Amino acid sequence: YGQSLGADTVLEAASVPGLSKSVKAVVSDAGYATLPELGSSLYNKAITAVSNALQSIGLPAITSLPFLSYDKIVAAMNARLIKEQGFSVDDLSATDAASKITIPLLLIHTQDDAFIPYTQSFCQPRSLDLTRDCRWSRCG
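Rendered as structure tokens:
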């Protein structure tokens, strides 16, 4: 159901120079384009759910939480990651990784994925060789 982030781990691993010659192709199932884009999508879904709940009881809609904006969340995550791990969420890009893969790549994603929008997987082909690589989605 798209809740595993392993799809992008495999893209990152396959993009590293020196990939074993025994690896002939890569299959990525329900991946995201970049971690910040996925986070933004999830944040917006949460804001929409809260806004709908508020409206259902007669309160005004909201478009963000000023005390917990998405930018503040990402900045806090980045500061901690850089300090403790030496990288930021901006470094986690399946799109960038996919562009470095030299073997055939198959992207699979269902259109009704409630966690990772299927459009996240299909942001990746802009950097792929579509004469060699393939994408596949299905409803349901």
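So the sequence shown is numbered by the numbering used here: it starts at 41 and just counts up by one. All C-beta atoms in this analysis are idealised placements derived from N, C-alpha and C, irrespective of residue type, glycine included. Bear in mind the structure is a predicted one, so any value in this text is a computation, not a measurement.
- Pairwise C-alpha distance: Tyr83 and Ile102: 13 Å
- Task: Could you name the residues of the same chain whose beta carbon sits closer than 8 Å to that of Pro57, not counting the 5 residues immediately before and after it, in chain order?
- Result: none
- Item | Own chain partners of Ile113 with C-beta closer than 8 Å, once the 5 adjacent residues on each side are dropped | The answer, listed in chain order, is Gly79 and Tyr83.
- Task: Pull up the distance between the alpha-carbon of Ser55 and that of Gly71, whole angstroms please.
- Result: 15 Å
- If you draw a straight line from the alpha carbon of Glu52 to that of Pro100, how long is it in whole angstroms? 43 Å
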